[in-house]
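In full-length UniProt numbering, the protein residues as written are 1 to 164. The beta-carbon is built from N, C-alpha and C at its ideal position, and this holds for glycine as well. Below is one structure, written out as C-alpha coordinates, with a few remarks after it.
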(Lines of atoms letter the chains of each structure in order from A; the text may use other names.)
(Lines give C-alpha, C1' and ligand atoms only; values in the text may rest on other atoms or scores of the structure.)
Protein backbone atom coordinates (compact mmCIF):
# COMPACT_ATOMS: atom_id res chain seq x y z
CA UNK A 1 0.00 0.00 0.00
CA UNK A 2 1.54 3.37 -1.00
CA UNK A 3 2.02 6.01 1.72
CA UNK A 4 -0.73 8.68 1.90
CA UNK A 5 -0.08 11.71 -0.25
CA UNK A 6 0.18 15.04 1.43
CA UNK A 7 -2.01 17.73 -0.11
CA UNK A 8 -0.24 19.88 -2.63
CA UNK A 9 0.13 23.52 -1.61
CA UNK A 10 -2.37 25.97 -3.04
CA UNK A 11 -1.01 28.31 -5.69
CA UNK A 12 -0.09 31.70 -4.35
CA UNK A 13 -2.57 34.33 -5.60
CA UNK A 14 0.14 36.98 -5.74
CA UNK A 15 2.12 35.32 -8.52
CA UNK A 16 3.01 37.71 -11.35
CA UNK A 17 0.90 35.79 -13.86
CA UNK A 18 -2.30 36.41 -11.89
CA UNK A 19 -1.55 39.80 -10.36
CA UNK A 20 -1.69 42.25 -13.25
CA UNK A 21 -4.22 45.05 -13.00
CA UNK A 22 -6.57 45.45 -15.90
CA UNK A 23 -7.44 49.05 -16.79
CA UNK A 24 -11.02 47.86 -17.28
CA UNK A 25 -11.30 46.59 -13.71
CA UNK A 26 -14.43 48.15 -12.24
CA UNK A 27 -15.35 48.47 -8.58
CA UNK A 28 -17.72 45.53 -8.90
CA UNK A 29 -15.23 43.35 -10.76
CA UNK A 30 -12.47 44.25 -8.29
CA UNK A 31 -14.15 41.54 -6.25
CA UNK A 32 -12.43 38.90 -8.43
CA UNK A 33 -11.69 35.89 -6.28
CA UNK A 34 -9.14 33.17 -6.76
CA UNK A 35 -10.65 31.20 -3.89
CA UNK A 36 -13.09 32.01 -1.07
CA UNK A 37 -11.57 34.31 1.52
CA UNK A 38 -9.06 35.88 -0.89
CA UNK A 39 -9.77 39.18 -2.59
CA UNK A 40 -7.23 39.60 -5.39
CA UNK A 41 -7.24 43.25 -6.43
CA UNK A 42 -4.94 42.52 -9.35
CA UNK A 43 -6.98 39.73 -10.90
CA UNK A 44 -9.17 39.96 -13.95
CA UNK A 45 -10.89 36.67 -13.15
CA UNK A 46 -14.69 36.80 -12.96
CA UNK A 47 -16.23 37.25 -9.57
CA UNK A 48 -17.38 34.21 -7.58
CA UNK A 49 -20.30 34.68 -5.26
CA UNK A 50 -19.08 33.68 -1.81
CA UNK A 51 -21.39 35.87 0.21
CA UNK A 52 -23.05 33.06 2.11
CA UNK A 53 -21.22 30.26 3.79
CA UNK A 54 -23.19 27.04 4.23
CA UNK A 55 -24.15 26.30 7.83
CA UNK A 56 -21.75 24.00 9.62
CA UNK A 57 -22.90 20.42 9.80
CA UNK A 58 -22.27 18.18 12.75
CA UNK A 59 -18.93 16.51 12.48
CA UNK A 60 -17.57 19.10 10.04
CA UNK A 61 -13.96 19.90 10.85
CA UNK A 62 -13.42 23.43 12.13
CA UNK A 63 -10.36 25.45 11.21
CA UNK A 64 -9.22 28.92 12.34
CA UNK A 65 -10.70 31.84 10.42
CA UNK A 66 -7.86 34.02 9.15
CA UNK A 67 -10.14 36.74 7.80
CA UNK A 68 -10.37 38.18 4.31
CA UNK A 69 -7.00 38.17 2.55
CA UNK A 70 -6.35 41.14 0.25
CA UNK A 71 -3.89 40.56 -2.60
CA UNK A 72 -2.62 43.83 -4.02
CA UNK A 73 -1.86 44.55 -7.69
CA UNK A 74 1.63 43.79 -8.96
CA UNK A 75 4.09 46.42 -7.77
CA UNK A 76 2.01 47.36 -4.71
CA UNK A 77 1.72 45.89 -1.25
CA UNK A 78 -0.24 46.51 1.89
CA UNK A 79 2.56 48.52 3.53
CA UNK A 80 2.12 51.32 0.98
CA UNK A 81 -1.30 50.55 -0.53
CA UNK A 82 -3.73 50.26 2.41
CA UNK A 83 -5.12 53.43 4.10
CA UNK A 84 -4.17 52.58 7.69
CA UNK A 85 -4.90 56.14 8.88
CA UNK A 86 -8.58 55.57 8.24
CA UNK A 87 -8.74 53.30 11.28
CA UNK A 88 -7.85 56.18 13.61
CA UNK A 89 -10.60 58.43 12.17
CA UNK A 90 -13.45 55.96 11.61
CA UNK A 91 -14.97 53.14 13.60
CA UNK A 92 -14.59 50.29 11.13
CA UNK A 93 -16.09 46.82 11.66
CA UNK A 94 -12.76 45.13 10.95
CA UNK A 95 -9.17 45.05 12.12
CA UNK A 96 -6.14 44.33 9.97
CA UNK A 97 -3.00 42.26 10.33
CA UNK A 98 -0.25 40.89 8.17
CA UNK A 99 1.55 37.58 8.19
CA UNK A 100 4.72 37.72 6.14
CA UNK A 101 3.74 39.27 2.82
CA UNK A 102 0.03 38.47 3.27
CA UNK A 103 -2.50 41.05 4.45
CA UNK A 104 -5.81 40.21 6.13
CA UNK A 105 -8.91 42.02 7.31
CA UNK A 106 -10.75 40.36 10.19
CA UNK A 107 -14.22 41.32 11.38
CA UNK A 108 -14.35 42.69 14.91
CA UNK A 109 -17.06 40.06 15.47
CA UNK A 110 -15.12 37.22 13.78
CA UNK A 111 -16.29 33.74 14.76
CA UNK A 112 -12.59 32.73 15.09
CA UNK A 113 -13.35 29.38 13.39
CA UNK A 114 -15.00 28.21 10.20
CA UNK A 115 -15.72 24.91 8.54
CA UNK A 116 -12.82 23.37 6.63
CA UNK A 117 -14.67 23.83 3.33
CA UNK A 118 -15.19 27.59 3.93
CA UNK A 119 -12.15 29.80 3.81
CA UNK A 120 -13.53 32.43 6.18
CA UNK A 121 -16.41 32.81 8.62
CA UNK A 122 -19.59 34.54 7.52
CA UNK A 123 -18.84 37.61 9.67
CA UNK A 124 -15.48 38.21 7.97
CA UNK A 125 -17.13 37.57 4.62
CA UNK A 126 -19.62 40.42 5.35
CA UNK A 127 -16.73 42.91 5.17
CA UNK A 128 -17.15 42.75 1.38
CA UNK A 129 -20.58 44.40 1.66
CA UNK A 130 -19.33 47.42 3.62
CA UNK A 131 -19.38 50.66 1.58
CA UNK A 132 -16.14 51.95 3.12
CA UNK A 133 -14.45 48.66 2.23
CA UNK A 134 -15.78 48.86 -1.34
CA UNK A 135 -14.37 52.39 -1.65
CA UNK A 136 -10.99 51.25 -0.30
CA UNK A 137 -10.93 48.47 -2.90
CA UNK A 138 -11.82 50.96 -5.63
CA UNK A 139 -9.02 53.35 -4.58
CA UNK A 140 -6.49 50.50 -4.46
CA UNK A 141 -7.56 49.28 -7.90
CA UNK A 142 -7.94 52.67 -9.62
CA UNK A 143 -6.00 55.19 -7.56
CA UNK A 144 -7.13 57.95 -5.22
CA UNK A 145 -8.99 60.98 -6.57
CA UNK A 146 -6.92 64.15 -6.21
CA UNK A 147 -9.65 65.82 -4.09
CA UNK A 148 -9.99 62.95 -1.59
CA UNK A 149 -9.40 63.72 2.10
CA UNK A 150 -5.87 62.78 3.18
CA UNK A 151 -7.09 60.19 5.72
CA UNK A 152 -8.28 58.03 2.81
CA UNK A 153 -4.84 57.96 1.18
CA UNK A 154 -2.48 55.06 1.70
CA UNK A 155 1.08 56.07 2.61
CA UNK A 156 2.24 55.40 -0.95
CA UNK A 157 -0.41 57.81 -2.25
CA UNK A 158 0.62 60.49 0.25
CA UNK A 159 4.26 60.22 -0.83
CA UNK A 160 3.23 60.57 -4.47
CA UNK A 161 1.02 63.58 -3.65
CA UNK A 162 3.83 65.32 -1.74
CA UNK A 163 6.31 64.78 -4.58
CA UNK A 164 4.07 66.64 -7.06
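- Non-local beta-carbon contacts of residue 97 in its own chain, meaning distances under 6 Å to residues more than five positions away in sequence, involve 104 in chain order.
- Distance check between residue 67 and each of 153, 117 and 107 places 107 closest, using alpha-carbon atoms only.
- For residue 159, the enclosing alpha helix (DSSP H) begins and ends at 155-163.
- The beta carbons of residue 140 and residue 75 sit about 12 Å from each other, so the pair does not count as a contact at 8 Å.
- When DSSP states are grouped into helix, strand and coil, residue 90 belongs to the coil group.
- Look at the segment 60-119 and you find these whole runs of alpha helix (DSSP H), each 4 residues long or longer: 78-81 and 86-89.
- If you ignore the 5 residues before and after residue 113, its C-beta comes within less than 8 Å of the C-beta of 62, 63, 64, 65 and 121, all in its own chain and listed in chain order.
- For residue 157, the CB contacts under 7 Å within the same chain, skipping 5 residues up- and downstream, are 144 in chain order.
- Secondary structure at residue 144: coil, using DSSP grouped into helix, strand and coil.
- Taking 8 Å as the upper bound for CB-CB distance, residue 95 and residue 77 are not in contact here, some 19 Å apart.
- With distances taken between CA atoms, residue 69 lies nearest to 99 out of 155, 85, 86 and 99.
- In this structure residue 127 is buried. Its beta-carbon is surrounded by 16 or more other beta-carbon atoms within 10 angstroms.
- By the Cβ neighbour-count rule, residue 88 is exposed, with fewer than 16 other Cβ atoms within 10 Å of its own.
- Contact between residue 151 and residue 92 fails: their C-beta atoms lie close to 12 Å from each other, not under 8 Å.
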